[in-house]
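Asker: Sharing a structure below in structure tokens format, with a few things to ask.
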Amino acid sequence: MSARLLSLQDVSAARKFHTDGHWQHWTMYDRLCHWARAQPNALALEDSAGTFSYGDLIAWVDGLTATLGEAELRPGDRVAVWAPSRMESVVTLLATSRMGCVCVPSLHRDHNADDILDILDRTSARALVVERGYGQVPEGRDFIAEAKRLPSMRLVLSLDQLVLDAGPDMLRFGGAVSPRSCATTPAGDPDRISYLAFTSGTTSRPKGVLHSDNTLLSNGRAIVADFGFDTRTVVYTFSPMSHNMGTVSLAVTLSCGGRLVLHGPLDARRALDRVTATGATYLVGVPTHGLDLVEQLAPGEPLGKARVFQLAGAPVPMRLAEALLDRGIRVQNCYGMTENCSFLYTRADDPIDVVTTTCGHCCAGMELAVFDSEDPDCPLPEGSAGELGVRGASQMLGYFDDQAMTEQALNAAGWFMTGDLGMIDASGNVHVTGRKKDMVIRGGKNIHPARAEELAMRHRAVWKAAAFPVPDDRLGERMCLAVIPRPGTTPPSPQDLLAHLAEHGLPKSQMPEYHLDMSRFPMTASGKILKRSLTSEVTAGRLVPTPVKWSGD
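All the letters of the sequence shown, read from the start, carry residue numbers 4 to 556 under the working numbering.
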């Protein structure tokens, strides 16, 4: 029995999205067809091994469609991908769009074999595209053989590891797929479920999020309209295709007819060289990516042809925003999630204070409101702080095979409750102040770590910061502040850092009580810090923070 694809889709809301133009009659495959006819020789896709024109790309998509059809896959069947960002990841997503199948792309590098087998089993996957040696698979374990033995599995396509700049000599799809025509009629329904992505699970077990081509493309079209992208746009996504940001980057590319460049496993210097060599104009990533790039630049040195940098997943440090703006690069401070895509962001003409302290306002087709954090059915007036709720054309269609979880995510009026706290200012810009679950509960009082992190990263010697709870016998939890020093600087002493936090307005009641100097943080595939891992490491004694106390006023 296949797990169910439950959908929240409301007929009247869907009709309105179509009437207002946020949803259209195009599937993602239809958009590819359009550009393949209009500009078949224009570059459409580039991974670290080679480039593909729109004409090349559609031939590969049709070839994979034919191969999946020969394996007796049908509309609604799930096709999973466990691979880095590479041409095959994009081709698979577009082939499932053509067939009416459902792509399951969010199998990340940090997953182990048991994680992946569980997802394949949960989704009743009928096909798997997997790169040999990818992910956390112990030496000697034959993961591919195990995947082939799953009851639902009909086809496993094993990929060779990418060879940098291999060009046409790179064997694609392990030689099992070739670019060719396909006689079957494309599915052609942009409102059906086409995408099943699992959340990163930084605070809970990953949930399967359902999207259609229209919920994804509506976000891509909005970004294109807001930033004036066109066929000359080169989208460089640091975010892997296993993450929703990577998929939205594809939606942006298909909406404007530009080129999508997939980031490979490169160090900061080589990443900078590739950004420059590809002529990337729109960069998509997290602040860590931006910090890594600007650290490699000499004063005044341009960042290639970059004109806009979307930064999501964490606050944008002032020094990063200044470094980008000084080079003529507009900062798109973006807030999003798998459930609603990249729907909230600053605009190109926003001043630096708006870019660094807010996430701007909603894209076309989406709306946001603030609700009482203890009563999600109680909306709050402008300027009030509470839980952020969102709804609109880019909202998910439900959680996979979990009607109860789907219903719990919405309030009575159908707003998706984000779990994030914030407020809307008089200009309509949204301030995200913390997360309901991302908190330290000290003696029964809630401390939201976001403020301490933001202020810590203003210190000239702090590159990255993460505040998280550590267990305490008396108070339940205390807050620990972990920092990574900025390269080339002397790490600040704990007392210096506390003095800095106090000087910038952090109340004594929110001061960290433990300090950690670190060289790296555990991260999700999308670039979010895994705070629960930091807490676990401290609890297990593998990390030993230093007790600190602010004695000032």
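Heads up, the beta-carbon is just placed ideally off N, CA and C, and yes, glycines get one too.
Over the uninterrupted alpha helix (DSSP H) stretch that includes Met408, give me the two end residues.
Answerer: It spans Gln406 to Gln411 - the alpha helix (DSSP H) in which Met408 sits, taken as one unbroken run.
Asker: How close, in whole Å, do the beta carbons of Leu263 and Leu48 come, if the pair is a contact with beta carbons under 8 Å?
Answerer: So it is a contact: roughly 5 Å between Cβ atoms.
Asker: Tell me which residue opens and which closes the alpha helix (DSSP H) that Glu480 is part of.
Answerer: Looking at the DSSP string, Glu480 is not in any alpha helix (DSSP H); the run it does join, the beta strand (DSSP E), is Gly479 to Pro488.
Asker: Can you name, in chain order, every residue of its own chain whose Cβ lies under 7 Å from the Cβ of Asn432, other than the five neighbours on each side?
Answerer: Around Asn432: Val357, Thr361, Gly363 and His364.
Asker: Among Tyr32, His503, Ala200 and Tyr137, whose alpha-carbon lies nearest the alpha-carbon of Thr126?
Answerer: Minimum Cα distance to Thr126 is reached at Ala200.
Asker: Kindly indicate which residue of Ala326, Tyr517, Arg81 and Gly395 has the alpha-carbon position closest to the one of Leu294.
Answerer: The shortest Cα separation from Leu294 among Ala326, Tyr517, Arg81 and Gly395 belongs to Ala326.
Asker: Which value, in whole angstroms, describes the spacing of the CA atoms of Arg454 and Arg481?
Answerer: Near 15 Å, if we compare the C-alpha coordinates of Arg481 and Arg454.
Asker: Closer than 8 Å: is that where the CB of Ser197 sits relative to any heavy atom of the ligand COA?
Answerer: The ligand COA is not part of the structure shown, which contains no ligands of any sort.
Asker: Name the two residues that bound the continuous alpha helix (DSSP H) containing Gly137.
Answerer: It is Tyr, not Gly, that sits at residue 137 in the sequence shown. That residue, Tyr137, is in no alpha helix (DSSP H); it is neither H nor E in DSSP.
Asker: Please go through the same chain and pick out, in chain order, the residues whose beta-carbon is closer than 8 Å to the beta-carbon of Phe524, but skip the five residues on each side of it.
Answerer: Within the same chain, Phe524 has close Cβ partners Lys467, Ala469, Ala485, Ile487, Ile532, Leu533 and Leu537.
Asker: Three or more C-beta pairs under 8 Å: does that hold for the region 139-153 against the region 15-35?
Answerer: Not touching, per the Cβ criterion.
Asker: I'd like the span of the alpha helix (DSSP H) that includes Trp63, first residue to last.
Answerer: Where Trp63 is concerned, the enclosing alpha helix (DSSP H) stretches over Tyr57 to Glu73.
Asker: Under 9 Å between the Cβ atoms of Leu347 and Gln313?
Answerer: Against a cut-off of 9 Å, the Cβ pair of Gln313 and Leu347 comes out as no contact.
Asker: Could you name the residues of the same chain whose beta carbon sits closer than 6 Å to that of Ser92, not counting the 5 residues immediately before and after it, in chain order?
Answerer: Closer than 6 Å at the Cβ level, and outside the excluded window around Ser92, lie Val84, Ala86 and Met244.
Asker: Rounded C-beta distance between Gly103 and Ala190? I'm assuming under 8 Å.
Answerer: Right, the Cβ-Cβ distance comes to about 3 Å (below 8 Å), so this counts as a contact.
Asker: CA-CA distance, Met4 and Arg112?
Answerer: Low confidence applies here, because Met4 scores a pLDDT of 35, under 50, leaving its location unreliable; read the following figure in that light. Approximately 29 Å, taken between the alpha carbons.
Asker: List in chain order: all unbroken alpha helix (DSSP H) runs of 4+ residues lying wholly within the region 434-485.
Answerer: 453-459, all fully within the region 434-485.
Asker: Check whether the region 334-351 touches the region 219-234, counting contact only when three or more Cβ pairs, one atom from each stretch, lie closer than 8 Å.
Answerer: The answer is yes - the region 219-234 touches the region 334-351, with three or more Cβ pairs under 8 Å.
Asker: Expressed to the nearest angstrom, what Euclidean distance is found between the alpha-carbon atoms of Asp329 and Pro305?
Answerer: Distance between the alpha carbons of Asp329 and Pro305: 9 Å.
Asker: Alpha carbons only, please: which of Gly446, Thr549 and Arg477 is nearest the one belonging to Gln513?
Answerer: Cα-wise, what sits closest to Gln513 is Gly446.
Asker: So does the region 382-392 actually touch the region 417-429, counting three or more Cβ pairs closer than 8 Å?
Answerer: Short answer: they touch.
Asker: Is DSSP giving Trp29 helix, strand or coil here?
Answerer: Three-state DSSP puts Trp29 in coil, outside helix and strand.
Asker: May I ask which residues mark the beginning and end of the beta strand (DSSP E) holding Pro379?
Answerer: Asp378 to Pro382 is the span of the beta strand (DSSP E), which, as asked, contains Pro379.
Asker: Do the region 209-224 and the region 182-197 make contact, defined as three or more Cβ pairs closer than 8 Å?
Answerer: In short, these stretches touch, since the Cβ pair count reaches three.
Asker: Mark Asp23 as exposed unless 16 or more other C-beta atoms lie within 10 angstroms of its C-beta, in which case mark it buried.
Answerer: The residue is exposed, with fewer than 16 neighbouring Cβ atoms inside 10 Å.
Asker: Between the alpha carbons of Phe419 and Ala412, how many angstroms are there, rounded?
Answerer: For Phe419 and Ala412, the distance between alpha carbons rounds to 6 Å.
Asker: Go ahead and pull the three-state DSSP assignment for Glu516.
Answerer: Residue state, collapsed to three classes: coil.
Asker: Using DSSP with H/G/I as helix, E/B as strand and the rest coil, what is Trp418?
Answerer: If DSSP states are grouped into helix, strand and coil, Trp418 belongs with coil.
Asker: Below 8 Å on the Cβ atoms is my guess for Leu458 versus Leu509; work out the distance and round it to an integer in Å.
Answerer: The pair is a contact, with the Cβ atoms about 6 Å apart (cut-off 8 Å).
Asker: Excluding five sequence neighbours on each side, which residues of the same chain lie with their C-beta closer than 7 Å to the C-beta of Thr202?
Answerer: Correct list, in chain order: Pro209, Lys210, Val212 and Thr341.
Asker: In three-state terms, what does DSSP make of Thr361?
Answerer: Of the three classes helix, strand and coil, the one that applies to Thr361 here is coil, per DSSP.
Asker: Rank Arg545, Thr256, Ser496 and Thr250 by C-alpha distance to the C-alpha of Trp2 and give the top, closest one.
Answerer: The question about residue 2 has no answer, for the chain in this structure spans 4 to 556.
Asker: Return the first residue and the last residue of the alpha helix (DSSP H) that His503 is part of.
Answerer: Looking at the DSSP string, the run of the alpha helix (DSSP H) that includes His503 is Pro497 to Glu506.
Asker: Determine the direct distance from the alpha carbon of Leu519 to that of Arg477, and round the result to whole angstroms.
Answerer: Their Cα atoms are separated by approximately 21 Å.
Asker: Given this structure, state the Cα-to-Cα distance separating Arg564 from Gly58, to the nearest angstrom.
Answerer: Because the chain is modelled from 4 through 556, residue 564 falls outside the range shown and cannot be assessed.
Asker: Report the rounded CA-to-CA distance for His25 versus Gly267, giving the unit in angstroms.
Answerer: For His25 and Gly267, the distance between alpha carbons rounds to 32 Å.
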